Structure formats: C-alpha cells, structure tokens
Amino acid sequence: MTYLDFEKPIEDLQEQLDKLRKIGENGKVNMASAIKELEDKMLETRKGIYSHLNGWQRVQLSRHPERPYTLYYISQLCSKFIELHGDRTMGDDKAMVGGIGTLDNESILFIGQQKGINTKQRQYRNFGMANPEGYRKALRLMKLAEKFNIPIVTLIDTPGAFPGLEAEERGQAEAIARNLYEMTLLKVPVICIIIGEGASGGALGIGIGDRVLMMENTWYSVISPESCSSILWHNWNFKEQAAEELKLDAKSMFDFKLIDGVIKEPLGGAHNNPEEMAKILKREIKKHLIDLKDFTPKERIDNRIKKFSAMGFFEE
Amino acid sequence: MAWFKRSKEGITTTTEEKLEVPEGLWWKCPSCKKTIPTADLKENKYVCNNCNYHPRINSVEYFWILFDDNAYKPLFEDLRPTDFLGFKDLKSYQDRLNDAAQKVNVSEAISVAAGLVHGHKLVCACMNFNFIGGSMGSVVGERIALAINHCIKTKSTLLIISKSGGARMMEAAFSLMQLAKTAANLTRLSEAKLPYISLMTDPTTGGVTASFAMLGDLNIAEPEALIGFAGPRVIKETIKKDLPKGFQRSEFLLEHGFLDFIVDRKELKDKLAEVMAILLQEK
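Chains as they are written, first to last, in the numbering used here: chain A, 1 to 316; chain B, 1 to 283.
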C-alpha cells in the first residue's frame with residue numbers, strides 16, 4: 001500500500017499493528033486485547049482523517065497509483081464484455097476504451113479513459129490523455145449504442161485531452177466540441193461518472209449526460225490545480241491553494257448543482273477496497289438507469305439542455 | 001553623460017493597451033511597421049493598407065463593419081459578471097472585474113447585437129479580447145444562449161466572432177460548463193434550421209475552440225489567426241520540439257480540413273450576406 005503524506009498517522013499505526021500481530025503469531029504472549037485496542041484507534045484515526053479532506057488531498061487520492069481504473073470496473077461490473085476498437089478514420093486510441101457488455105443481463109455500453117497500471121502501461125495508455133481519435137471512437141460507439149437502444153455509461157479519469165502536435169492537426173478541439181453537441185442529442189440514457197481525475201475539456205468530452213456523478217475522492221474542474229497555480233501565481237508552488245480556490249471536490253460541485261450526485265467510497269478511498277467500490281458503483285448505475293427509463297428520449301434531451309443551460313452565475 | 005534621460009523607469013504600457021487599435025491620429029502596423037493615418041485604417045475596415053495585417057479589434061468595430069448604416073441593437077447588456085466563488089489568486093476575481101470594467105469600454109468578454117447585413121437579419125455575438133483575455137465565464141455562456149433564443153424568436157442567422165484565450169479560470173467549473181451550455185443550446189438553433197456561422201479570429205484557443213467556435217454550419221477564419229485547443233507553449237513543452245512554421249494558423253486549419261474558408265475582413269460583410277442569401281434562399 002502506498003501512503004500519501006497526510007496518511008502518515010495511519011501508516012505509523014499500521015506498522016505498530018503489524019509488529020503486534022507478528023508477536024501474537026509467535027504465540028508466546030497474548031496480544032489480542034492490544035491488537036483490538038490498536039485496531040479501534042486505527043479506525044478512529046482513519047475516520048478522522050478522511051472526514052476532513054481538503055481539495056488538494058482529494059486530488060492526491062484521485063491520482064493514487066493503486067486507484068482502480070476504467071477497465072477494472074468494467075471487468076467487475078459486466079458479466080459479458082466485448083471491447084470495441086477504432087474511430088474508423090485514423091486509428092485506435094489506447095487512452096480511450098469502450099465496448100458493449102451486460103450488466104445483470106441488461107445490455108450496456110461502457111466508455112472511459114484508461115490509465116496504465118505500471119510504467120510501460122502508462123506510456124501505452126498515454127497517461128489517460130486521449131487524442132481526437134479517442135473522442136471520435138467514443139462518439140462512434142455512443143451512436144452504435146443509440147442505434148440499438150442501449151444505455152451508455154462513461155467513466156471519466158483523465159489529466160486532460162492530449163496537448164500534442166498531431167492532436168492539433170487532427171482537430172482536438174473539433175473532436176471535443178462535436179461530442180458535446182452530439183451527446184446532448186443522444187436518445188438513450190447517458191450516465192457520466194468521474195472515477196478519478198476530471199480535467200477540463202478532456203473530461204467533458206465524454207461528460208454530457210442525464211446524470212453526471214462524481215466519486216467522493218475525485219476532482220472535476222476547468223484546469224488542474226498545478227496548471228492553475230502556474231498560470232495565475234506564475235509558479236507551481238500554489239497547487240494546494242489553487243485546489244481550494246477552484247472548489248473542485250465532489251461536494252462543492254454537487255452544492256453548485258454542476259453535478260447530479262456524489263458516490264460514496266469505502267473508508268480510505270476506492271483503492272482501499274476496489275471490490276466494494278465496484279459494488280457501490282454498480283448499485284448507483286442501476287439505480288439511475290431505472291430512474292431514467294421513465295422518461296421519453298425527447299424528455300431526456302430537453303432535460304439535458306435545461307440542466308446545462310442553468311449552469312452559471314451573473315447579475316441581471 | 002547621456003543626451004536624453006528617461007523621465008520614467010521601464011516600459012509602462014500594459015499588454016491590453018498595446019493590443020488595442022489606438023485612438024490617436026496615427027497607427028503603426030505591428031507587422032510591416034508602416035505608419036498610416038488611423039482614419040485610413042478604419043476606412044480599410046481595420047486592415048493594414050500596406051501588408052493586409054488584421055489587428056485585433058473589438059465588438060464595436062466589427063458591428064460597424066457588419067451592420068447596415070451602423071444601425072444595430074445591443075442585447076443583454078444588463079447581464080453582468082460576479083465573483084460568486086470569491087476566487088482569489090494574486091488578485092481577487094472581483095478586483096479583476098472592477099479593473100476590466102474601468103479600463104475597457106465593454107461590459108464583458110462578449111457583446112451581442114442584432115441588425116441587418118445587406119438586408120439579412122443577423123444576431124452577432126462578438127468576443128472582446130481586452131476583457132480578461134476574452135475568457136469565457138458564465139456571462140459569455142449565458143449571452144450566447146440568449147443570443148440563440150433571440151435568433152429563434154426573430155428567425156435570424158447567428159454569427160459568433162471568437163477571440164479568446166479560453167475558459168475563465170476564476171469561475172472554475174462554472175466556466176467549464178459553459179462549453180456544455182453553448183453546445184447544448186446550438187442544438188436548438190440547428191433544430192430551428194437557422195444558420196450558425198462561426199468566425200474565428202486571432203486568437204481562438206482552449207474551451208472556446210472546443211465548443212461553439214468549432215460547431216458552425218460554416219467555420220471560417222480571418223487570415224493568419226492563431227486557432228487551436230492547447231496553446232503553442234504547452235504543446236512545445238509537451239513534445240519538447242519546436243513547432244513548424246504556420247502551425248495552428250488559419251491557413252494550417254484550412255489545409256487540415258477544419259475551416260470552410262478564410263475571409264479577409266474587408267470582404268466579411270459581402271461574403272456573409274452571400275452565404276445567408278444562398279442558405280436561406282433569400283434574394
């Protein structure tokens with residue numbers, strides 16, 4: 001387990017606990033009560049820490065190296081899944097994955113950015129930064145789902161759309177803009193869930209839905225705290241402050257009515273219990289899919305337009 | 001002993017002021033360095049008489065270029081920005097808004113007006129780069145949404161003239177959601193079968209390009225305008241190579257298939273009218 005800086009007290013307690021358990025296993029001294037006491041203390045400490053996380057700590061958790069990614073959730077949620085590739089024009093973007101499958105015998109389409117689980121994979125997945133062909137693949141698959149009346153779930157986890165030379169040549173901006181427009185008009189239910197990082201246009205490019213949800217320890221904003229610090233403070237040292245100012249955490253986003261719900265994570269974050277996290281995710285998706293079935297396609301589209309139109313603040 | 005002495009230390013002209021077309025009698029072209037009378041520049045539709053350079057101009061100038069007899073109705077001016085989040089970096093957002101309101105003669109990074117262009121009904125939403133870098137905040141999104149409503153109500157064509165550094169960071173996720181809001185509302189204009197022409201001018205980047213600017217029935221641009229998603233500096237840092245000449249300029253985008261055509265500012269009005277006449281089958 002990799003511990004983050006603010007998790008130091010937990011790490012220390014874990015070390016003590018491991019030592020006690022070892023002694024206990026040797027069988028010479030009965031450690032049961034001491035272990036129990038320490039376990040209680042550990043639970044208290046964890047509850048204390050995770051109930052008061054600031055914006056930057058959420059950002060750290062959203063990027064935790066052991067945090068589950070899109071394909072993990074798909075493998076846990078779908079009894080059948082067939083990955084589909086390519087945008088039919090340029091290539092197959094490894095940073096954006098998608099495919100059809102079944103969720104408790106109901107057909108479903110999953111799309112999401114995919115990060116790598118080790119150095120080699122991270123490069124292969126371009127760190128979850130999609131190129132235009134990724135957004136176009138996503139749209140192609142969404143249109144496929146629409147044609148066969150299959151609901152769509154997008155899992156968002158990206159540090160941004162890739163800012164590369166070829167990405168510009170192939171129209172990164174156009175690809176994202178097209179998705180915003182076309183997703184508004186999808187006739188089938190669309191649920192978008194931030195499962196890690198929700199960085200700006202790169203996230204929004206698969207983020208227009210009837211329900212937009214955020215997991216508890218994720219972030220979603222117009223820019224990453226680091227880039228925001230570098231532009232507005234002229235150096236990289238104000239990322240914590242930038243994270244606070246941006247109010248990029250799930251609760252703030254929900255309070256601002258910019259998202260429709262927050263998904264609870266297991267204590268300590270999704271990576272502490274990925275299986276439990278997948279179960280919670282499945283429950284949430286199913287709940288919202290049932291709700292959305294009550295609407296006609298036209299009602300869903302109208303509501304989508306109405307929802308996004310209401311976002312903004314100004315004086316009249 | 002120097003012949004001349006600086007009375008003030010350093011350069012005092014701010015970037016914003018420099019980008020403005022000066023009010024004085026003379027204008028010096030930043031491209032060919034030729035000095036020409038400001039009246040001649042205006043006469044030439046704010047294009048350099050000598051080298052055809054297109055300096056950055058604001059909504060007032062575009063409205064003057066476009067609307068018949070310079071007659072137009074400004075819309076949604078009452079809609080004003082606020083610092084809802086209490087955002088503060090080195091300066092508070094409220095201070096930035098106050099400064100902008102004092103320095104420039106526009107109320108936000110976009111101004112909307114309705115009028116006639118060679119007799120065709122047009123609603124023009126034009127961005128003002130001198131208002132916080134033409135960044136897209138809530139007011140920009142809302143004014144575009146209202147402009148779309150106005151088009152539908154009055155059966156007018158929509159022209160958006162983009163000139164923006166992208167999203168407005170000081171409005172955080174609210175700024176991001178303006179991408180979704182503008183794109184969503186454009187679907188309604190499309191449903192009403194009204195034309196939307198997107199004119200990109202120097203510079204059009206970030207969230208503006210990744211939403212309404214790229215969604216025109218026609219995407220057009222002024223010559224040599226910088227148009228892109230990521231800024232050139234970010235791309236350079238990412239790929240650690242120099243960028244090719246002309247990269248992300250209008251001509252480059254035309255070549256890669258993202259523009260219908262490039263239009264000279266002097267021909268903008270006639271070309272627009274021609275497009276509207278053909279699309280709407282109006283004589």
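The C-beta atom is built at its ideal place from N, Cα and C for all residues, glycine as well.
As the structure is a prediction and not an experimental result, all values here were calculated from the model.
Self-check item: Contact set for arginine 140 of chain A: own chain, Cβ-Cβ below 7 Å, skip 5 residues either direction
Solution: Residues of the same chain with a CB within less than 7 Å of the CB of arginine 140 of chain A, apart from the 5 flanking positions on each side, are Asp87 and Arg88 in chain order.
Quiz item: Do we get a CB-CB distance below 8 Å when we pair valine 234 of chain B with the residues of chain A?
Solution: Valine 234 of chain B counts as touching chain A.
Exercise. Would you kindly work out how many angstroms separate the C-alpha atoms of asparagine 128 of chain B and arginine 125 of chain A, rounded to a whole number?
Key: One Cα belongs to asparagine 128 of chain B, the other to arginine 125 of chain A, and the distance between them is close to 39 Å.
Quiz item: Does the segment 18-28 of chain A come close enough to the segment 149-157 of chain A that 3 or more CB-CB pairs lie under 8 Å?
Solution: Under the three-pair Cβ rule at 8 Å, the segment 149-157 of chain A does not count as touching the segment 18-28 of chain A.
Practice problem: Sort B/Lys241, B/Cys151, B/Thr209 and B/Asp242 by Cα distance to glutamine 178 of chain B and report the nearest one. | Solution: Selected option, being the one with the closest Cα: B/Thr209.
Quiz prompt | Coarse secondary structure for aspartate 157 of chain A, derived from DSSP in three states | solution = Note: aspartate 157 of chain A maps to strand in three-state DSSP.
Quiz prompt | Length at least 4, wholly inside the segment 127-168 of chain B: the alpha helix (DSSP H) runs in chain order | solution = Counting only unbroken stretches of 4 or more residues, the alpha helix (DSSP H) elements lying wholly within the segment 127-168 of chain B are 138-154, in sequence order.
Practice problem: For glutamate 17 of chain B, count neighbouring Cβ atoms within 10 angstroms of its own Cβ and tell me buried if that reaches 16, exposed if not. | Solution: Its pLDDT being 47, under 50, glutamate 17 of chain B is placed unreliably in this model, and the value from its coordinates should be taken loosely. Glutamate 17 of chain B counts as exposed, since fewer than 16 other beta carbons sit within 10 angstroms of its beta carbon.
Quiz item: Straight-line CA distance for phenylalanine 261 of chain B to methionine 200 of chain B?
Solution: Roughly 11 Å between the two C-alpha positions.
Quiz prompt | C-beta neighbour in chain A for isoleucine 160 of chain B, strict 8 Å | solution = By this cut-off, isoleucine 160 of chain B is not an interface position.
Practice problem: Verify the CB distance criterion: does glutamate 133 of chain A have a CB-CB separation below 8 Å to chain B? | Solution: Cβ-Cβ to chain B under 8 Å: no for glutamate 133 of chain A.
Quiz item: To the nearest angstrom, how far is it from the Cα of aspartate 69 of chain B to the Cα of threonine 154 of chain B?
Solution: Those two C-alpha atoms are separated by around 20 Å.
Practice problem: At 8 Å on the CB atoms, spell out the chain A contacts of lysine 181 of chain B, in chain order. | Solution: Residues of chain A with a Cβ closer than 8 Å to the Cβ of lysine 181 of chain B are, in chain order, Phe308, Ser309, Met311 and Gly312.
Quiz item: For leucine 139 of chain A, does the three-state DSSP call read helix, strand or coil?
Solution: DSSP places leucine 139 of chain A in the helix class (H, G or I) of the three-state scheme.
Quiz item: Going by alpha carbons, who is nearest to glycine 119 of chain B out of B/Ser156, B/Ser138 and B/Cys126?
Solution: When B/Ser156, B/Ser138 and B/Cys126 are compared, the shortest CA-CA separation from glycine 119 of chain B is found for B/Ser156.
Self-check item: Beta-carbon contacts of isoleucine 82 of chain A that lie in its chain and below 6 Å, excluding the five residues immediately before and after
Solution: Excluding residues up to 5 positions away in sequence, Gly99 and Ile100 lie with their Cβ nearer than 6 Å to the Cβ of isoleucine 82 of chain A in the same chain.
Quiz item: Quick one: what's got a C-beta closer than 6 Å to glycine 195 of chain A's C-beta in the same chain, skipping five residues either side?
Solution: The question names glycine, but residue 195 of chain A is isoleucine in the sequence shown. The answer, listed in chain order, is Leu155, Asp157 and Met215.
Quiz item: With a cut-off of 8 Å, does the C-beta of tyrosine 124 of chain A fall near any C-beta of chain D?
Solution: In the structure shown, chain D does not exist; the protein chains are A and B.
Quiz item: Does the beta carbon of glutamate 169 of chain A come closer than 8 Å to any beta carbon on chain B?
Solution: Chain B, which has a Cβ nearer than 8 Å to the Cβ of glutamate 169 of chain A, makes this yes.
Practice problem: Can you tell me which of the three DSSP states aspartate 260 of chain A falls into? | Solution: Coil, per DSSP.
Self-check item: Beta-carbon proximity list for valine 140 of chain B, same chain, < 7 Å, skipping 5 on both sides
Solution: Answer for valine 140 of chain B: Glu108, Ala109, Ile110 and Gln178, listed in chain order.
Exercise. Have a look at A/Leu248, A/Phe314 and A/Ala175 and flag the residue whose alpha-carbon is nearest the alpha-carbon of methionine 90 of chain A.
Key: The shortest Cα separation from methionine 90 of chain A among A/Leu248, A/Phe314 and A/Ala175 belongs to A/Ala175.
Exercise. Anything in chain B within Cβ reach of threonine 184 of chain A, meaning under 7 Å, just list it in chain order.
Key: Neighbours of threonine 184 of chain A in chain B, taken as residues whose beta carbon is under 7 Å from its own, are Ala183, Ala184 and Thr187 in chain order.
Practice problem: Below 7 Å between beta carbons is the criterion; list the residues of the segment 200-227 of chain A that meet it against any residue of chain B, in chain order. | Solution: When C-beta distances to chain B are compared with 7 Å, the residues of the segment 200-227 of chain A below that value are Ser200, Gly201, Leu204, Ile208, Tyr220, Ser221, Val222 and Ile223, in chain order.
Quiz item: Nearest chain A C-beta to histidine 256 of chain B closer than 8 Å, yes or no?
Solution: Yes, contact with chain A.
Quiz item: Any C-beta of chain A sitting closer than 8 Å to the C-beta of leucine 268 of chain B?
Solution: No - not a single Cβ of chain A is within 8 Å of the one on leucine 268 of chain B.
Exercise. Could you have a look at glycine 196 of chain A and say whether DSSP puts it in helix, strand or coil?
Key: Reduced to three states, the DSSP call for glycine 196 of chain A is strand.
Exercise. Taking alanine 114 of chain B as part of the beta strand (DSSP E), name the residues at either end of that continuous run.
Key: From DSSP, the beta strand (DSSP E) with alanine 114 of chain B extends over 110-117.
Quiz item: How many angstroms separate the CA atom of isoleucine 65 of chain B from the CA atom of isoleucine 57 of chain B?
Solution: When the Cα atoms are used, isoleucine 65 of chain B and isoleucine 57 of chain B turn out to be separated by approximately 11 Å.
Quiz item: Which parts of the segment 17-90 of chain B are runs of the beta strand (DSSP E), unbroken and 3 residues or longer, counting only runs that do not cross its ends?
Solution: Here the runs fully enclosed are 26-28, 35-37 and 72-75.
Quiz prompt | Residue from A/Pro163, A/Ala278 and A/Val97 with nearest C-alpha to leucine 84 of chain A | solution = The option with the nearest alpha carbon to leucine 84 of chain A is A/Val97.
Exercise. State yes or no: is the beta carbon of serine 211 of chain B nearer than 8 Å to at least one beta carbon in chain A?
Key: Yes, contact with chain A.
Quiz item: Where DSSP assigns a beta bridge to cysteine 124 of chain B, which residues make up the other side?
Solution: In DSSP, cysteine 124 of chain B forms a bridge with B/Ala113 and B/Leu159.
Quiz item: What residues from chain A crowd round serine 175 of chain B, counting only those whose CB sits closer than 7 Å?
Solution: Ordered by position in chain A, the residues that pass the 7 Å Cβ test against serine 175 of chain B are Val222.
Quiz prompt | Close Cβ partners of tyrosine 3 of chain A (< 6 Å) along its chain, the five nearest in sequence each way excluded | solution = Glu11, listed in sequence order.
Quiz item: Relative to the alpha-carbon of arginine 136 of chain A, which residue among A/Asp255, A/Ile35 and A/Glu182 has its alpha-carbon at the smallest distance?
Solution: Ranking A/Asp255, A/Ile35 and A/Glu182 by Cα distance to arginine 136 of chain A puts A/Glu182 first.
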